[in-house]
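Working notes, structure below.
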Amino acid sequence: MNLRSRLLSPSPEPVGGGSAAVKLAAALGFVVTVVLLPRGAWVAHGVAAIALLAVALGSRVPLGGWLGRLLWLEPFAASMAALALFQPGGLTVFLAMLAKSTLCIAAMLLLSSITPFHESLKVLRRWGVPGLLVTTLALAQRYLFVLADEAQRMRRARQSRTLSPRRTQWWSLLSGIIAQLFLRATARAERIHAAMCARGWKP
Amino acid sequence: MTATAPTRQRVRPDIVHIPDGFLDAKTALAAAALSCAGLSLAVREVQRRLPPARVPLLGLSTAFVFAAQMLNFPVAGGTSGHLLGAVLVTVLLGPAAAVLVMSAVLILQCLLFADGGLTALGANLFNMALVAPLVGHGVNRSVLRLWGTGLRTRLFAAAFAAWCATLAAAISCAGQLAMSGAAPWRATFPAMALIHMLIGAGEAVITALVLSGLARARPELLTSAAETPGGSRSFVALGLLGSIGLAVFVAPFACSWPDGLEKVAAVLGFEHQAAERPVLSAPLPDYTVPGLASQAWGTVIAGGVGTLAAFALTWWLARRLTRRQRGTV
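From first to last, the protein sequence lines stand for chains A and B. Quick note on my numbering: the first sequence kicks off at 731 and runs consecutively. Quick note on my numbering: the second sequence kicks off at 1029 and runs consecutively.
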């Protein structure tokens, strides 16, 4: 249930020496290339896979964790790809989509584990993403885990105080937790604004 | 059913995040262009209207949506569902801020958790960060205009808007998949539409419950965003973008509806023939398949019935929630 456990590496350190811009551009280039590969070109897909593996080995990412996370995300892509089978020639389409999505998910997982997020944000800002969006992303990433932990604490507290609730009752209780969470988020946002102003932030 | 931890943890919200490799270049680029335009409009609108003191609230709301999406709501068996949050944020923060917040959620999911493809980010943004909040806002505002602004109406409006928004986003997603040749419309559309009618029901219920909880604590939160004056021009612009997108992605498939009288006769004539033949073996291209026409009619009827059912159920839910509230006061 821990949000941090969903990340491949919760606090990525810059690995490989390249700047974040290079890594982001390389990831984007890789993903676009894989997506544009013709459907039957299995050799090309294989080459891409080997290249990705080489980068992973070079950057000393824990391979077991990487593959494990990949396998866990697979079923969702696979079940969506299964819709492709309902058409003539669907099997090739299905396999191609599965191969491409797997390669790209692996690449994105690798990217997120070798690039600290604030570096990625700086790159995005340089590439023209509006400042408001970048600030939002930065604050969100910072407080993501805080709020997620808070929500899980509230849920556990509620769970330990409620004996065998019915399903409808549990929905009502969880919604109450979500409402509380929003109120706490609002209060926290006000405190953050005060803190930012005290440190000289200007909108 | 006890409140022990649900047996399956859902990884992602219910509206599917399209991974990489599912969309072809034209669909991905078209969706990316529309999303960029929509996001820029939303950013500009938020910069214009949001007081600087509320800027951190955007980031915190994004984190809030993430945290709220992690709470599992038990459904039948071992499965569970959870809140998507698009309409909840729309009601609480307004449509432009909601577009921004949901976009941030999706971007973070893509970059941090590899949830949703990078090349498909434009399409995912279009479905969940443009269509869902805008449809939600439109329905919400229309209901409030028609029926006043009491608490019960607000809850009903938000719940019904959540259902409609979920469905709209799912249909948009189906259209993008069909346009890319990833999945045929006649398989994707019924599956996505019917499944998301159910998921939308869950979304509606949770949205109404959360809002009723907030109404008890801070009633002014529900009124602040829905009635911002002068925001309508940007909403119209955003709505136009959404409509263009839906026209591009969905209309080619949905409009197997006839244009002229001859086509009506032809479709209806074929319809009786096609009922006996299995749909999958129909040889004609998608949008003129007689089997599709009959299935489209069936889906339209199901859609109509479903919408009416959602309308009635959300109204009943709102009534139930406010009655309980009045009782406890």
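Using N, Cα and C, we set each Cβ at its ideal position, and we do this for glycine too.
Chain-ordered chain B contacts of residue i [CB-CB under 9 angstroms]
i, result
"Glu880 (chain A)", "Ala1095"
"Trp857 (chain A)", "Going along chain B, no residue has its Cβ under 9 angstroms from Trp857 (chain A), so there is no contact; the nearest lies around 13 angstroms."
"Ile780 (chain A)", "Chain B residues near Ile780 (chain A): none, gap ~18 angstroms exceeds 9 angstroms."
"Ser842 (chain A)", "Leu1139, Leu1140, Phe1141, Ala1142"
"Leu797 (chain A)", "Per Cβ cutoff of 9 angstroms: no residues; Leu797 (chain A) is ~13 angstroms from chain B at best."
Residue j beta carbon less than 7 angstroms from that of residue i
i, j, result
"Phe1188 (chain B)", "Ala1202 (chain B)", "no"
"Phe824 (chain A)", "Leu815 (chain A)", "yes"
"Phe1277 (chain B)", "Met1207 (chain B)", "yes"
"Ser1262 (chain B)", "Glu1073 (chain B)", "yes"
"Ala1196 (chain B)", "Leu813 (chain A)", "no"
"Ala1190 (chain B)", "Thr1235 (chain B)", "yes"
"Leu1146 (chain B)", "Val777 (chain A)", "no"
"Ser982 (chain A)", "Asp1143 (chain B)", "Residue 982 (chain A) lies beyond the residue range present for chain A, which begins at 731 and ends at 933; the question has no answer from this structure."
"Ala1114 (chain B)", "Ala1193 (chain B)", "yes"
"Leu1157 (chain B)", "Val1127 (chain B)", "Looking at the sequence itself, residue 1157 (chain B) is Ala, so the reference to Leu does not match. The answer is yes: Cβ separation under 7 angstroms."
"Leu1269 (chain B)", "Leu1062 (chain B)", "yes"
"Leu1347 (chain B)", "Arg1076 (chain B)", "This sequence places Arg at residue 1347 (chain B); Leu is not what is there. Cβ distance not < 7 angstroms, so Arg1347 (chain B) and Arg1076 (chain B) don't count as in contact."
"Thr845 (chain A)", "Ala750 (chain A)", "yes"
"Gly1109 (chain B)", "Gly1230 (chain B)", "yes"
"Ala1243 (chain B)", "His923 (chain A)", "no"
"Leu1085 (chain B)", "Ala919 (chain A)", "yes"
"Cys1138 (chain B)", "Leu1121 (chain B)", "no"
"Ala1096 (chain B)", "Leu1111 (chain B)", "yes"
"Val791 (chain A)", "Ser842 (chain A)", "no"
"Ala878 (chain A)", "Met1098 (chain B)", "yes"
C-beta neighbour in chain A for residue i, strict 7 angstroms
i, result
"Val1238 (chain B)", "yes"
"Thr1147 (chain B)", "yes"
"Pro1212 (chain B)", "yes"
"Leu1179 (chain B)", "no"
"Pro1084 (chain B)", "yes"
"Gly1087 (chain B)", "yes"
"Gly1105 (chain B)", "no"
"Thr1090 (chain B)", "yes"
"Gly1270 (chain B)", "no"
"Pro1318 (chain B)", "With a pLDDT of 44 at Pro1318 (chain B), under the threshold of 50, the modelled position of that residue is not reliable, and the figure given next carries that caveat. Not closer than 7 angstroms to any Cβ of chain A, the Cβ of Pro1318 (chain B) fails to qualify, so no."
"Gly1367 (chain B)", "Outside the displayed span of chain B (1029 to 1357) sits residue 1367 (chain B), for which this structure offers no information."
"Ile1234 (chain B)", "yes"
"Ala1340 (chain B)", "no"
"Arg1351 (chain B)", "no"
"Thr1194 (chain B)", "no"
"Pro1079 (chain B)", "no"
is_contact[residue i, chain B] using C-beta, thresh 7 angstroms
i, result
"Met884 (chain A)", "no"
"Lys830 (chain A)", "yes"
"Arg891 (chain A)", "no"
"Thr898 (chain A)", "no"
"Val777 (chain A)", "no"
"Phe760 (chain A)", "no"
"Arg918 (chain A)", "yes"
"Phe824 (chain A)", "no"
"Thr866 (chain A)", "yes"
"Ala807 (chain A)", "yes"
"Leu874 (chain A)", "yes"
"Leu839 (chain A)", "yes"
Counterpart residues of residue i in DSSP-defined beta bridges
i, result
"Phe1101 (chain B)", "B:Gly1109"
Cβ-Cβ separation, residue j to residue i (assumed contact under 8 angstroms), whole Å
i, j, result
"Ala915 (chain A)", "Ala1125 (chain B)", "No, Ala915 (chain A) and Ala1125 (chain B) are not in contact; Cβ-Cβ is about 14 angstroms, not under 8 angstroms."
"Val1119 (chain B)", "Val1129 (chain B)", "The pair is not a contact, with the Cβ atoms about 12 angstroms apart (cut-off 8 angstroms)."
"Phe1101 (chain B)", "Trp901 (chain A)", "6 angstroms"
"Ser1240 (chain B)", "Leu1172 (chain B)", "With a Cβ gap of about 16 angstroms, Ser1240 (chain B) and Leu1172 (chain B) do not count as contacting."
"Arg769 (chain A)", "Ala826 (chain A)", "4 angstroms"
"Phe1051 (chain B)", "Ala1151 (chain B)", "A small correction: the amino acid at residue 1051 (chain B) is Leu; Phe does not occupy that position in the sequence shown. Indeed, because the Cβ distance is near 6 angstroms, the residues count as touching under 8 angstroms."
"Ile1135 (chain B)", "Leu828 (chain A)", "Not really, about 25 angstroms apart at Cβ, beyond 8 angstroms."
"Leu839 (chain A)", "Trp796 (chain A)", "6 angstroms"
"Leu1345 (chain B)", "Val1233 (chain B)", "6 angstroms"
Chain-ordered chain A contacts of residue i [CB-CB under 9 angstroms]
i, result
"Ala1245 (chain B)", "Ala909, Gln910, Leu913"
Within chain A, partners of residue i - CB distance below 7 angstroms
i, result
"Thr1055 (chain B)", "Here the premise fails: no neighbours, minimum Cβ distance about 11 angstroms."
"Ile1135 (chain B)", "Leu867"
Chain A contact residues for residue i, given Cβ-Cβ distances below 8 angstroms
i, result
"Ser1200 (chain B)", "Chain A residues near Ser1200 (chain B): none, gap ~15 angstroms exceeds 8 angstroms."
"Ala1219 (chain B)", "Leu813"
"Val1044 (chain B)", "Phe806, Met810"
Listed by chain order, chain B residues near residue i by CB distance under 7 angstroms
i, result
"Ser902 (chain A)", "Leu1237"
"Gly906 (chain A)", "Gly1241"
"Ala814 (chain A)", "Ala1210, Ala1211"
"Leu801 (chain A)", "By Cβ distance, chain B contributes nothing, its closest Cβ being about 12 angstroms from Leu801 (chain A), past 7 angstroms."
Partners in chain B for residue i, counting only beta-carbon separations shorter than 8 angstroms
i, result
"Ser850 (chain A)", "Leu1139"
"Val764 (chain A)", "Asp1048, Gly1049"
"Leu869 (chain A)", "Pro1084, Leu1086, Gly1087, Leu1088, Thr1090, Ala1091"
"Leu862 (chain A)", "Val1071, Val1074, Gln1075, Val1083, Leu1086, Leu1128"
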